[in-house]
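Mapping of the sequence shown onto the numbering used here: position 317 corresponds to residue 342, and the numbering continues sequentially without gaps. In this text, a Cβ means the ideal position worked out from N, Cα and C, and glycines have one as well. These figures come from a predicted structure and were not determined experimentally. As structure tokens, the structure follows; a few thoughts come after it.
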Amino acid sequence: MNSARIRIPLLDLRAQYHNIKPEIDQAIAGVLESSQFVLGAEVAAFENEFAAYCATEGCIALNSGTSAIHLALLAAGVGPDDEVITVPFTFVASVAAVLYTGARPVLVDVEPRSFTMDPAALEAAITPRTKAILPVHLYGQSADMDPILEVARRHRLVVIEDAAQAHGAKYKGLPAGSIGDMACFSFYPGKNLGAYGEGGAVTTSNSKHERTIRMLRDWGQDRKYHHALRGFNYRMEGLQGAILRVKLRHLEAWTNARRAVTAQYNELLRDAEVTTPQEMPWARHVYHAYTVRSRDRDALQAALQAEGIQTGIHYPLPVHLQPAYADLGYGRGDFPQAEEAAAQVLSLPVYPELPSESVQEVAVAVKKFSSRTVHAPV
Ligand SMILES: Cc1ncc(COP(=O)(O)O)c(C=O)c1O
């Protein structure tokens with residue numbers, strides 16, 4: 026593969042930092058002065074602000090999105106002998122966190138236009154052991170939550186949103202994070218709301234779950250050195266809380282900028298031989314990723330790379346085909362939509378600061394590739 030110098034990166038965290046440098050530098054200096062390096066006032070303030078943003082009563086700040094899923098599941102009472110239903114077309118953490126609790130992940134296929142949990146496949150996966158459903162709002166678009174909630178209500182199951190990629194996304198007007206019983210966010214640096222290191226949170230309006238998660242993140246303490254639960258060290262750092270507070274103030278503007286970039290892509294790629302992402306009727310998509318489908322994905326990626334355009338594949342292998350998860354008992358052919366998506370998806374550069382000329386260049390390169398080869402549209 027030709028490895029030309031990257032001219033247009035998939036994302037550019039440095040550009041974002043430079044746009045907000047004075048605010049960030051001041052926030053960092055404030056934490057150094059207060060020396061509240063773990064939890065503390067900035068983290069507490071961020072929790073309040075992020076809960077308000079998600080329209081929930083509570084938010085518990087943690088050290089990663091994976092920890093968020095782990096603790097939400099524990100708060101829901103999930104443990105060994107239980108089953109949790111999620112999807113194979115996700116980042117591996119969604120499934121790994123289920124295994125941390127000792128429960129068994131049960132997978133259902135995705136719906137091919139939204140890449141999110143297919144509600145029609147859900148009912149058949151429920152057994153007497155099912156305890157929770159973990160739909161993933163992949164790429165920044167909410168799963169179709171109403172039919173999922175309806176099934177959950179009938180079977181008395183807990184619904185936990187994996188909103189790791191969906192800060193600011195909406196489902197029928199409701200913010201991601203406020204739809205299920207609990208929701209899990211990641212603040213990994215490249216996320217739409219990203220820390221300068223690891224970070225995560227659970228949002229919930231259930232005060233009992235909130236209290237349990239607060240204890241579990243800090244060694245299960247209900248007061249200092251009194252351990253009511255067997256907990257973890259999953260606390261958010263003070264610096265991350267302060268940085269996230271600054272960035273949260275910009276999130277809506279950044280989301281609008283992402284949506285402007287993706288609207289431009291949609292327009293320019295209308296007659297290209299790729300399938301552009303579909304914003305579902307229920308969704309406000311926040312385009313954590315702008316992911317097209319191509320039957321000739323690997324060649325398209327190589328052609329773009331040769332022009333200095335960086336792309337990503339999210340994700341090349343569904344979780345059920347990953348060697349580490351072979352013992353879940355699934356095999357090739359079990360989830361045809363997930364498998365087909367994994368073979369076809371390609372994420373193009375998208376970030377709020379991406380110049381319109383770069384969007385144009387990427388689109389021209391995609392179309393040049395399309396006209397060079399004869400493919401049927403996917
Ligand atoms: C869908 C999904 N779930 C969970 C996670 C885990 O988050 P983290 O990397 O913060 O642990 C991520 C992000 O990496 C993700 O994309």
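Taking the Cα positions, GLU378 is about 18 Å away from THR316.
When the beta-carbon positions are compared, ASN231 and ASP247 stay at least 8 Å from each other. As a beta-bridge residue in DSSP terms, ARG309 pairs with LYS195.
Here ARG179 has no same chain residue with a Cβ atom under 7 Å from its own Cβ, once five neighbours each way along the sequence are excluded. Nearest to HIS234 by C-alpha distance, out of SER381, GLY90, LEU98, is LEU98. For TYR315, the secondary structure class from DSSP, reduced to helix, strand or coil, is strand. Note: ILE110 is bridge-paired with VAL131, ILE158 in the DSSP secondary-structure output.
Listed as beta-bridge partners of CYS84 by DSSP are THR228. Within the same chain, and ignoring the five residues on either side of GLY90 in sequence, the residues whose Cβ sits closer than 7 Å to its Cβ are ALA118, ALA189, CYS209, PHE210, SER211, TYR213, GLY225. Contact between ALA128 and VAL183 is absent: CB atoms are separated by about 12 Å, not below the 8 Å threshold.
DSSP, read as helix, strand or coil, puts THR141 in strand. Partner residues in a beta bridge of ASN291, as assigned by DSSP, do not exist.
Membership of ARG322 in any beta strand (DSSP E) is not indicated; the residue belongs instead to the alpha helix (DSSP H) covering 322 to 331. Here TYR196 is near ALA308, since their CB atoms are less than 8 Å apart. GLU72 and ILE53 do not touch by the CB rule: their CB atoms are close to 19 Å apart, not below 8 Å.
Within its own chain, the residues whose Cβ lies closer than 7 Å to the Cβ of VAL68, once the five positions on either side in sequence are excluded, are ALA86, MET261, GLY263, GLY266, listed in chain order.
Per DSSP, the unbroken beta strand (DSSP E) holding GLU186 starts and ends at 183 to 187.
The nearest non-hydrogen atom of ligand 1 is 7 Å or more from the C-beta of VAL184.
Straight-line measurement puts the Cα of ALA366 at about 28 Å from the Cα of SER381. For ASN217, the secondary structure class from DSSP, reduced to helix, strand or coil, is coil. Remark: the C-beta of TYR164 is outside contact range of ligand 1, defined as less than 7 Å to any heavy atom. With a threshold of 16 other beta carbon atoms within 10 Å, TYR312 meets it and is buried. Using a 10 angstroms sphere on the CB of HIS345, the tally of other CB atoms reaches 16 or more, which defines it as buried. Sequence-distant Cβ neighbours of LEU35 in its own chain, meaning closer than 6 Å and more than five residues away, are GLN335, GLY337, PRO374.
Take LEU241, set aside five residues on each side of it, and the residues of its chain with a beta-carbon closer than 8 Å to its own are LEU96, LEU99, ALA100, LEU254, GLY256, PHE257, TYR259, in chain order.
Between the beta-carbon of ALA363 and that of PRO343 there is about 4 Å, and that keeps the pair under the 8 Å contact cut.
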